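Heads up, the thing below is written out as structure tokens.
Shown next as structure tokens:
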């Protein structure tokens, strides 16, 4: 057993007693009408009861979805990514440079290097997607996310709703926010308030996945 | 009724009637009207009473610049009627007059109170007798101010929304220059935002016959991709950020460059009676007539120092206003003057207005040759003309506030008679009438040139490609220069009885400025503060230039030396709620927070965390820990991973403890000290393997400790990696005599005393969650601290409570924890210690290993402290009489002087007595000594105890 194995939430099991991992967004999402299902050891909000409406949000304004179950590994040592620009690897993971010798690997299926630190539960992750995703972010974050300044793959540390965080542009219409796990509930409230001004709202994993698939094909 | 037939530029919709009330009386308006234009059309001429003298005031500027039409709308005071759109059912009320606008009892001040209310009167009167000041204050406060806020504000339907916007170029001002600049820069590739305070883009074009061009320029800007913000007032320039208030949105615009095309503000003339209702700026009269189709008067006299007044006279004449006479301060006639003459209107060159008369409204204007105003001038004929409208134009003052906030400077332009921008910061530019390029075509070209230059500076165009274009634009600007204005006299008052106002907002007259200068307030900044000129709602728009002229006359200083006051935000009126707004107050919550709430916890702030204070029974919860088991969420603890070949050496340098000898799987308590040997934090260090340590810190110290570690690591360049795990892991402490039994049911790990001893650390599954388990305790009973991924917080918590339910487990919060730790005399850094506390005087000498090989931070100080810990020592104490002293109460020395303080006190049900910790004189820091505590008016006497009150030998902890 690695001395750091206690950092990693379980991958999920069939036992009813198996520990089910929960995101800090879960409770407010359920209060907002979210419906959750276990997936790969995590309780995941799959929709909010009206997938058609969620598709419309993603297509016309903006939707925000919980991505906290995304694996997040802290890697140390020199890496190939230039500061400010994350690289997408072959397994679908984003290698995000924090310093010249420290990077976050977000997602992806490759096995973790031995000396990686599992920070999956260090950061809550929220995906903002849609034509108004930039505007939604602008309600609580001063990071310049204009496409000319922050193209796909751009990765910025900064203040997100006055708490330390990161912003990664994962697609032309999509931004991934990372904030400290313990501030997840606070961030949800901030984003929800901001969304009301823009007729945006929360979306579940199903609608988001569909939208991402359509966008990728396009 | 004074409504004109349809006008080409009118913005009213005559098919849409809007009803509202003014002081309870119904008023009919058209959609598109402002409250001011609707009331004026309905015959209202008096809109408010002035600040100090409660004089009648009417519409003057019709552009939101002056204070004359401030009203209350639906309970919100300070609304400018001349720019506020009408809305159905609005309840509009006057300000600053009681009992009514037509009869204001406070107007007696104007009649007889003048001698008692000179400038600065409140520094001289209402001072004696001092005992009456509370009464004076009440009277003055009731008399002062503009408008009243309701005791309780109604729920707002809107909440401020903050929007951050980055851009290449921000253009402030949507007139011809601003629109042209924005469109030009955008076409060259810049990302441009344009903000204008009016409802419609176009500036002066809209009421000076240029509405077609305004629409064209606006469309060009839109098509070029400019983001156009209307009804958007730029409030101020804050280090490259310009705040723009629009509706209920505060835009925080960070642009690489700012371009100001804010135009110039028409100035009033200073003469006797210049504040009478019916005295109107030429722009105000034209706006009323052309935008709202309201005839401003039947019979008008015009007094002007520029072509603006002449053009206004022509425009009003075309709309049926009888122009009795035009007085042009300038000696030579212009094209506009000739057009007036051709229309049969008399124009007197070299003449100006010296007085306006009338009871509640202007009834006559008194004109005189300008020569007659010179000292020792021969008497000259005056002309007194009956009129119901006196249109004045004292030239313009460039609206320089925003660029000067950005760092621009101004100098006095004697030719133009106003203060103009001189030097601009590198990222700021200006265009249009703001820089004296105000003719219609000239302003547009000025804007184009500014846009070209801005785009070039931003790197969107090659300067050499654009140089030819810039040159031709410059030439066009020079060729298009208009007629100059004349400089009005500081005060054209004719010496007869009556007030000549320099400042309409604060009721400051020309005489007031004379008196202020006589009293020694002879600079514009001093005069401002003494008389309050420029400090009112207009913020100097209507009065700064005239005030400067008056000060120049009084002091003999040239205007260039008088200068202007410092421009400060906000430039436009903004509700406090827009600036306060919805606070973003980050709150950290443990992953178990939801369960705490469900269990009825009282949640409080602890630093930036929300923590359970107790679950309704703090003393009972503490007792449960002694009698069965308790479970507390300690997820807020700071958690740092320290890894690498030099990890042990790194920690040895940071802590006075010896860390490198800690074996893998063991835990040690650590006290962190600074360079001066003072305690800054404490926590535990667990060695996970040869090169990996897991360090905990206090909850509130986590950030500071991480910074401290990072700082020293950068300096020492040791081969160490730091990772902050504070939020990645939940942590709970299971404590009490039943703790082992409970834990055994949720883990396969051998938790027997033999296999898992005190200060051991083990990794294993707890309720199917990977966890780091440490046998440590802060509460004096057998205890285990479990750290596991935050995502499993609720799962593990529930598993432990469930497993412990048959054993009588209870959750416990911060307050019972404080009782329990106090029983053990465990310190809370920052409560029981301060910046003078070291491990020696805080009774922890065992934490310092002066003999360790590695030098460590604070060693030199601790070597001294070892033999001379300080004048006071931290001890425990008990109190027999049952009353817990206030934390912070003084501990007295033998002479009765404060010599220490109580840091913590609680009543312990377990021990059935009051216990505490305090800093006491060193001579008293031994068991059994009596200490005297001064608590308010009381004296309490405690007994020193240097050992823990509960389980002093630690047997329970080690069981």
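Protein chains in written order, with my numbering: chain A, 202 to 419; chain B, 2 to 960.
Backbone N, C-alpha and C define an ideal beta-carbon position, used for all residues, glycine too.
All of these numbers come straight from a predicted model, not from anything done at the bench.
Distance from the CA atom of residue 696 (chain B) to the CA atom of residue 566 (chain B), rounded to whole angstroms, is 57 Å. Below the 7 Å Cβ cutoff, chain B contributes 790, 792 and 793 as neighbours of residue 210 (chain A), in chain order.
Comparing C-alpha distances from residue 455 (chain B) to each of B:467, B:587 and B:759 shows the shortest one belongs to B:467. With a threshold of 8 Å between beta carbons, residue 265 (chain A) makes no contact with chain B. Taking C-beta separations shorter than 6 Å and ignoring five residues to either side along the sequence, the partners of residue 478 (chain B) in its chain run 438, 443, 446 and 447, following chain order.
With respect to residue 959 (chain B), residue 624 (chain B) sits apart: the two C-beta atoms are not nearer than 8 Å. With its beta carbon at least 8 Å from every one in chain A, residue 703 (chain B) lies outside the interface. If you draw a 10 Å sphere on the C-beta of residue 792 (chain B), you find 16 or more other C-beta atoms in it, and that means buried.
For the options A:276, A:205 and A:246, the alpha carbon positioned closest to that of residue 407 (chain A) is the one of A:246. Chain B places a beta carbon closer than 8 Å to that of residue 345 (chain A), counting this residue as a contact.
For residue 670 (chain B), there is no enclosing alpha helix (DSSP H); the enclosing beta strand (DSSP E) has its first and last residue at 668–674. Contact annotation: residue 355 (chain B) and residue 273 (chain B) have beta-carbon atoms nearer than 8 Å. If you check the CB distance, residue 341 (chain B) and residue 322 (chain B) do not come in under 8 Å. Taken through DSSP and simplified to helix, strand or coil, residue 387 (chain A) comes out as helix. Within 10 angstroms of the beta-carbon of residue 826 (chain B) lie 16 or more other beta-carbons, which makes it buried.
Just so you know, the alpha carbons of residue 406 (chain B) and residue 590 (chain B) end up roughly 41 Å apart. For residue 258 (chain B), the closest of B:426, B:774 and B:462 by C-alpha to C-alpha distance is B:426.
The residues 72 and 74, in chain order, have a CB closer than 6 Å to that of residue 80 (chain B) in the same chain once the five nearest residues on each side in sequence are set aside.
Counting only Cβ-Cβ distances below 7 Å, residue 163 (chain B) has contacts in chain A at 340, in chain order. Legend: CB atoms of the segment 208–229 of chain B lying less than 7 Å from CB atoms of chain A are not found in any residue.
For the segment 603–639 of chain B, the full-length beta strand (DSSP E) segments reaching 3 residues or more read 603–607, 610–615 and 630–634 along the chain.
Residues of chain B whose Cβ lies closer than 9 Å to the Cβ of residue 285 (chain A) do not exist, since the nearest Cβ in that chain is about 16 Å away. With fewer than 16 other CB atoms across the displayed protein chains lying within 10 angstroms of its CB, residue 103 (chain B) is exposed. Neighbours of residue 280 (chain A) in chain B, taken as residues whose beta carbon is under 8 Å from its own, are absent, since the nearest beta carbon is some 14 Å off. Only residues of its own chain outside the window of five on either side were considered, and among them 287, 297 and 369 have a CB closer than 6 Å to the CB of residue 356 (chain A), listed in chain order. Counting only Cβ-Cβ distances below 9 Å, residue 272 (chain A) has no contacts in chain B at all, with the closest Cβ about 12 Å away.
If one requires a minimum length of 3 residues, the beta strand (DSSP E) runs lying completely within the segment 389–471 of chain B are 390–394, 397–399, 411–414, 419–422 and 429–431, in chain order. Listed as beta-bridge partners of residue 295 (chain A) by DSSP are A:289 and A:307. Taken atom to atom, the span from the alpha-carbon of residue 850 (chain B) to that of residue 673 (chain B) is near 13 Å. Within the segment 84–139 of chain B, the complete beta strand (DSSP E) segments at least 3 residues long are 92–95, listed from N- to C-terminus.
Taking all protein chains shown into account, residue 291 (chain A) has fewer than 16 neighbouring C-beta atoms within 10 Å of its C-beta and is therefore exposed. For secondary structure counted as the alpha helix (DSSP H) over 4 or more consecutive residues, the segment 231–291 of chain A holds these complete runs in sequence order: 252–261.
Close to residue 259 (chain A), with beta-carbon spacing below 8 Å, lies no residue of chain B; the smallest spacing is near 21 Å.
With respect to the C-alpha of residue 416 (chain B), the residue from B:772, B:27, B:404 and B:485 having the closest C-alpha is B:485. Between residue 357 (chain B) and residue 366 (chain B), the C-beta gap is smaller than 8 Å, which places the two residues in contact.
The alpha-carbon of residue 279 (chain B) is positioned some 17 Å away from that of residue 504 (chain B).
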